[in-house]
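Reviewing the structure listed below.
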Amino acid sequence: MIVRPRPHWLRLLFVWRGSVLPDILPQLLATTAFAIVVTVLHGRLFQWKIPLNFVPFSLIGLTLAIFLGFRNGTSYARYWEARTLWGTVLNDTRALVRQALTLADAPSEASLLAARLIAFVHALRHQLRRTDPAADFERLLCVEDRDRLRPARYKPALLLLMAGEWLRDRRQAGRIAPALVQAMEGPLGRLTDALGGCERIAGTPIPFTYTVIIHRTIYLYCVLLPFGLVDAIGPMTPLIVAFIAYTFFALEALGAQIEEPFGTDPNDLALDAMSHMIESSLREMMGEPLAPQDAEPGAFIQT
Amino acid sequence: MIVRPRPHWLRLLFVWRGSVLPDILPQLLATTAFAIVVTVLHGRLFQWKIPLNFVPFSLIGLTLAIFLGFRNGTSYARYWEARTLWGTVLNDTRALVRQALTLADAPSEASLLAARLIAFVHALRHQLRRTDPAADFERLLCVEDRDRLRPARYKPALLLLMAGEWLRDRRQAGRIAPALVQAMEGPLGRLTDALGGCERIAGTPIPFTYTVIIHRTIYLYCVLLPFGLVDAIGPMTPLIVAFIAYTFFALEALGAQIEEPFGTDPNDLALDAMSHMIESSLREMMGEPLAPQDAEPGAFIQT
Amino acid sequence: MIVRPRPHWLRLLFVWRGSVLPDILPQLLATTAFAIVVTVLHGRLFQWKIPLNFVPFSLIGLTLAIFLGFRNGTSYARYWEARTLWGTVLNDTRALVRQALTLADAPSEASLLAARLIAFVHALRHQLRRTDPAADFERLLCVEDRDRLRPARYKPALLLLMAGEWLRDRRQAGRIAPALVQAMEGPLGRLTDALGGCERIAGTPIPFTYTVIIHRTIYLYCVLLPFGLVDAIGPMTPLIVAFIAYTFFALEALGAQIEEPFGTDPNDLALDAMSHMIESSLREMMGEPLAPQDAEPGAFIQT
Amino acid sequence: MIVRPRPHWLRLLFVWRGSVLPDILPQLLATTAFAIVVTVLHGRLFQWKIPLNFVPFSLIGLTLAIFLGFRNGTSYARYWEARTLWGTVLNDTRALVRQALTLADAPSEASLLAARLIAFVHALRHQLRRTDPAADFERLLCVEDRDRLRPARYKPALLLLMAGEWLRDRRQAGRIAPALVQAMEGPLGRLTDALGGCERIAGTPIPFTYTVIIHRTIYLYCVLLPFGLVDAIGPMTPLIVAFIAYTFFALEALGAQIEEPFGTDPNDLALDAMSHMIESSLREMMGEPLAPQDAEPGAFIQT
Amino acid sequence: MIVRPRPHWLRLLFVWRGSVLPDILPQLLATTAFAIVVTVLHGRLFQWKIPLNFVPFSLIGLTLAIFLGFRNGTSYARYWEARTLWGTVLNDTRALVRQALTLADAPSEASLLAARLIAFVHALRHQLRRTDPAADFERLLCVEDRDRLRPARYKPALLLLMAGEWLRDRRQAGRIAPALVQAMEGPLGRLTDALGGCERIAGTPIPFTYTVIIHRTIYLYCVLLPFGLVDAIGPMTPLIVAFIAYTFFALEALGAQIEEPFGTDPNDLALDAMSHMIESSLREMMGEPLAPQDAEPGAFIQT
């Protein structure tokens, strides 16, 4: 995720980092080169003049607009829903720690629950990015818990079960009344929902056929476009084709990036920074020392 | 559902599987053939020149855009709501199993509830696809339960009632306090909602009249289009007509596929994979052995 | 509501039932006749040539698109919200019956609650369609309940109060603990919300001024259109005007139908079928015999 | 709010009441008169021919479409959210009265709560319309309550506190168990939310800058338009300009009306009718006599 | 936030305050000056005539519409969600104060909770605007609380924990039953959610790449536009370019303002006024004297 103050309007025209230009440069150069060739040949192919004008492009533009607008809106909705689910993770781990400190009459035991919740947050991140949570578990959990988690396929779900077991043990020891257990079941259930929601976004892409249709339409459009423009605007054709192709390719590339918001592309969610922040906030509530806040990195990119 | 990493941009242009081309090929060929005939005859019909230009098509394009954008957005909303409802099924069966293990002081009896919940998941899938759940019930339930379910018309609803009866028996045996019964009523109620939501999507189509109007408008548009283009772009007419018809037909076909998300079209939801996954996750929480994870199939298609 | 499998693409072009053609035929014929007259007179009115071309129509098209897209989306949102509210009625009556059977230790008395809930469902339908619920009440309720309901203005609200009284009587008889009464208040409250939601949709139309502006814009557009086309496409004018007018009139007529989803137009919600289905599902949970399932009617229309 | 059956399509063309024509007549006449002048002068200004054609207008149309579509959708969303909040007021006052009658074992005291809730509904209406609630309070509340409310700045919030105090008194008298008090806190909290939601809509307009930009763009567009059309369509220019200006001005005026849905414009919410209806429904549940139902007024307008 | 009655339609054309003109004046002047130069040179650059017409601009307009409409809708959604979250802060602090007065049998101690809640509201505002809350804490809290808050990184979260501790102390003193503690956990949890939601909006911008693409497309469009218009409309070119550039630049600037709704731009949320209002409403419920209501400021701007 790129977090930076809005640059001056002149500078914004020439920003390189955070643009998707690097990703689409090959296609863009190829399209522009082709447009130059068409312009030089005056739209002729082996002596045969391709008869095209702007009409087909404004007709096709119609369905392209529908496709691209839909794809764009849907990708962003996935991105923002994923962000909101991580917001729920923050909110409900905070709520559970507050409740462990104020509803259960066992303040010294709250740190065990907090550790499992922090481990849940990191385990969720590792599951979504398919990385190994062992180092974080080592840091946070006791040996028995780690042994139980190691063979598990759905580690975050198991950690929520272990949070429920903490609650059961307190209840069976008479440290918390049933009505208050019920109050703590609320955030626990919402964490279960957030976990399932993240799995849903990670596991269910936008129907693949959309990607195929949009991709084909854009490329066919950009290949035919020089023939449609060359008679009217002559030598300006390559510039205009490059301009239009840039907006189409950039829209498509950006959509592909944020459609899968848990990756590590520059525009994906900053899961590292967020889990770090959640851990800090929970530790502060527990009265534990915090890790130092990261210095603002120069590149404006959080991962 | 098609789950595959995004192919290279060149390869994506020629993908066959996952495209809707096979479904719309007859119409597309017919339309293109007609456009060729019109082009060869220079837009004449029995010596009479059909006078048309691009104007009517950009005017009609207006309502087409409204219709298609609406249809597309609505179909996808149904698809995503259906997916979210299945996410609720995962979340709340997980929550109930966690609660059975930590709120009821009868851990050995939790497996009976888990079995009924797994049976509920499979029964829901079978109801939505109108298939026979007997094999799954055989595998999961005792004889009495199966006998009670056999004549039932609304099997998943009955299984949720049986989950409620499990809870009643534990409560009457004094193994769980009323306030904690209330906590377990939460996920049980949300499963009832998810069941009703799936029935709603399966039973209430998008108003049929939309399908009729969109279909007619698209076909009339594509039949008239060659007459409107032939004077301006001559021999390029069939190519452009084929291109425009492809985007319209593909949009319509895709909309029809994902509008009914519980079917077995390539872009429909992977109910098989999801019920398998839910069963695995619940079994892992119960400490039971899991079925081996499916090898990633070569065709990228989950059902 | 029209429920039918998607017809073959050729057949779909000539479907009569389910299209809105019958509703808009007079206007469509009038518009087309006018276009024929204009074409025959070559756009002259009493020797004066009306000077118009396509430009005004693409400018006006802009606001028409905004209006129609808005009207269409809003009408469908009302339709779908109404459907979802009826889904809530199904879900929460099911939940209440399940709870009556498993939370209250008085299984034999559950049928009284179930009868009041079924009566609520039918009363809601009758209130929304302004029909007389007496026959359904006769079938379901005892004499005292019927006498109490007869003079009432808000019958469904009173039936929910009577459901609450059932709960009060069980609680005062010591058959259900307060915490479980609280659990049953959840679905009861959501039924109250669904009732209020249906009253809201039935009683609050889309601001009438939208209907007026859209109607006027469409008709003025279609009356002026032949003058704008006749110079360019001559004898094709009536066909194109008829085509464009068909899409506009059909969109408007469909919007007017689904905007009030509780009526009995072909595209309205199937309240009869839904209340029948809810009654069947509740009876099955109670172990009572079910009415036979309706044979699929040939006409594909549910009311 | 205008509630009337849909008039016949011919009559709908000439409806005066419910149209926004009266509001926009001055601007519309001014614009049309200017267009007539431009047409008579053939687009000349002091001998200088203003060179304009349709191109700038279709380019500007683009951003106008974005602005107007956004403004329109947002205004309606505010209108509908306000209506839904008033639906919540109905639902949750009904729920509280039902609970007062069935959860608290003090039926004779429920009428005190009902009176405070009815007073809350009227107080909310008066606060939103900045009118004086004294007459309604006089009719509904005892002297002490009125004295307490008189100096208050946030009267509806105080009435909800007084509803809570009713609950506290019943609880302290042992007439209602804590778990049932908790059940009644649900609707009470949702009334607090509905109150805050209405205050939010009433107090936070759509950012004023939108109004400014849209307004300027529309007027500049309509002033320049005759110069762009006069060469192409000559004497038809004033008619077309009037038509296009009508749709733009009407859209803007309607947006301004429903953006603030609590006013007394013809398209605003019928707060009077709604509070009357809520009072009737609550009285019917209490078994009290109802005010006679209003005869349907001839003008179709509810306030 | 600008709160003012809608000015007369003529006056609205010349409003300065509340327009974004001041922000975009430099770019607008530069663009217009460039258009004047192009017009004077008749589209020539060093004797070379730039061949362009309107076609490329209507094609590019397509993607611009998608981008701008998306950006605009998303920015407003963030603005409105932020406003709704602050509405939640109002609603749930009110609910907690009401509950402290009616559920806990310790009315004299409620003021301690109210003070912490008011401090929470101010702390949230200060955190979002990165200002120092010390003055507000000084006014509201005792020395111990202030000492505990001073080193904290997440002050509002800590204040919610302290509200929970108030509840714990009352419960341990036997002044409130567990079921009622549970009722108070509801609003406390929703305040936690509102806090996390504000942090989410403040910390997660719209993907930066959107800003880059939109910015570049708009500027390139406006720089090329004079060449495309000069042949057709000659000396009117600068006026039209200025008009189109104004709408584009204004849309972009407004989007950038409301995208970050917690700032102090004229169109940002009035956090000062809102926290002041919340404090007043809570004090009124507590029976404490209120600060005098602000006189309506002449400039219509709330911060």
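Residue numbers (the numbering used here), protein chains in the order written: chain A, 1 to 303; chain B, 304 to 606; chain C, 607 to 909; chain D, 910 to 1212; chain E, 1213 to 1515.
All C-beta atoms, glycine included, are put in the ideal place defined by N, C-alpha and C.
In this text the structure is predicted, and so the values were computed from the model without any measurement.
Which bits of chain A does residue i rub up against, with CB to CB less than 8 Å?
i	result
Ile-1262 (chain E)	Met-236
Leu-331 (chain B)	Here the premise fails: no neighbours, minimum Cβ distance about 13 Å.
Whose C-alpha, out of the options, is nearest the C-alpha of residue i?
i	options	result
Glu-1496 (chain E)	D:Arg-915, D:Leu-1067, D:His-951, D:Thr-1120	D:Leu-1067
Gly-1095 (chain D)	E:Gln-1311, E:Tyr-1422, E:Ala-1444	E:Gln-1311
Met-1145 (chain D)	C:Pro-662, C:Ile-642, C:Gln-863	C:Pro-662
Asn-962 (chain D)	D:Met-1195, D:Phe-943, D:Phe-1136	D:Phe-1136
Ala-1335 (chain E)	E:Gln-1514, E:Ala-1316, E:His-1488	E:His-1488
Ile-1413 (chain E)	A:Gly-69, A:Pro-238, A:Arg-125, A:Thr-84	A:Thr-84
Thr-1305 (chain E)	E:Leu-1432, E:Trp-1378, E:Glu-1491, E:Leu-1280	E:Glu-1491
Ala-1395 (chain E)	E:Thr-1343, E:Ala-1316, E:Ile-1430	E:Ala-1316
Met-768 (chain C)	C:Ile-724, C:Thr-817, C:Arg-731, C:Val-609	C:Ile-724
Please compile the residues from chain G whose C-beta is within a distance smaller than 8 Å of the C-beta of residue i.
i	result
Ala-1444 (chain E)	Here the protein chains are A, B, C, D and E, and chain G is not one of them.
Listing by chain order, which chain C residues have their CB less than 7 Å from the CB of residue i?
i	result
Gln-430 (chain B)	Here the premise fails: no neighbours, minimum Cβ distance about 12 Å.
Along chain A, in chain order, which residues have C-beta atoms closer than 9 Å to that of residue i?
i	result
Arg-1412 (chain E)	Arg-83, Thr-84, Trp-86, Gly-87, Leu-90
Under a three-way DSSP split, which group does residue i fall into?
i	result
Leu-149 (chain A)	helix
Leu-961 (chain D)	coil
Ile-1210 (chain D)	strand
Arg-17 (chain A)	strand
Arg-478 (chain B)	coil
Ile-866 (chain D)	Nothing can be reported for residue 866 (chain D): it is not among the residues displayed for chain D, which extend from 910 to 1212.
Leu-483 (chain B)	helix
Ile-1123 (chain D)	helix
Ile-304 (chain A)	This structure leaves residue 304 (chain A) out entirely; chain A is present only between 1 and 303.
Arg-503 (chain B)	helix
Leu-1050 (chain D)	coil
Leu-1407 (chain E)	helix
Assuming the contact rule is C-beta atoms closer than 8 Å, residue i and residue j should be a hit. Round their C-beta distance to whole Å, please.
i	j	result
Gly-770 (chain C)	Leu-797 (chain C)	Not really, about 10 Å apart at Cβ, beyond 8 Å.
Arg-1062 (chain D)	Leu-1222 (chain E)	Not really, about 36 Å apart at Cβ, beyond 8 Å.
Ile-850 (chain C)	Ala-974 (chain D)	With 8 Å as the limit, Ile-850 (chain C) and Ala-974 (chain D) do not qualify as a contact, their Cβ atoms being about 19 Å apart.
Met-1195 (chain D)	Ser-1017 (chain D)	So it is not a contact: roughly 11 Å between Cβ atoms.
Starting from the beta carbon of residue i, find every residue of chain C whose beta carbon is closer than 8 Å, and list them in chain order.
i	result
Leu-1138 (chain D)	Val-661, Pro-662
Going along chain C, which residues have a C-beta under 9 Å from residue i?
i	result
Tyr-985 (chain D)	Phe-676, Thr-680, Ile-812, Pro-813, Tyr-816
Name, please, each residue of chain D whose Cβ falls closer than 8 Å to the Cβ of residue i.
i	result
Glu-1496 (chain E)	Ala-1061, Arg-1062, Tyr-1063, Ala-1066, Leu-1067
Can you pull the chain D neighbours of residue i, defined as C-beta to C-beta under 7 Å?
i	result
Asp-799 (chain C)	Asn-1000
For a contact meaning CB atoms closer than 9 Å, what does residue i contact in chain D?
i	result
Thr-1243 (chain E)	Chain D residues near Thr-1243 (chain E): none, gap ~14 Å exceeds 9 Å.
Arg-1216 (chain E)	Pro-1114, Phe-1117
Mind pulling the chain E residues with CB within less than 7 Å of residue i?
i	result
Gln-172 (chain A)	Chain E residues near Gln-172 (chain A): none, gap ~17 Å exceeds 7 Å.
Between residue i and the ligand COA, is the CB less than 7 Å from at least one heavy atom?
i	result
Ala-486 (chain B)	Absence of the ligand COA from the depicted structure is noted, as is the absence of any ligand whatsoever, leaving it without description.
Three-pair Cβ contact test at 8 Å for the segment 778-790 of chain C versus the segment 479-490 of chain B: yes
Contact the segment 1234-1253 of chain E vs the segment 1453-1463 of chain E: 3+ CB pairs below 8 Å: yes
Touch test, the segment 318-326 of chain B against the segment 200-217 of chain A, Cβ-Cβ under 8 Å, three pairs minimum: yes
Cβ pair count under 8 Å reaching 3, the segment 858-877 of chain C against the segment 518-530 of chain B: no
Cβ contact (3+ pairs, closer than 8 Å) linking the segment 437-449 of chain B and the segment 470-479 of chain B: no
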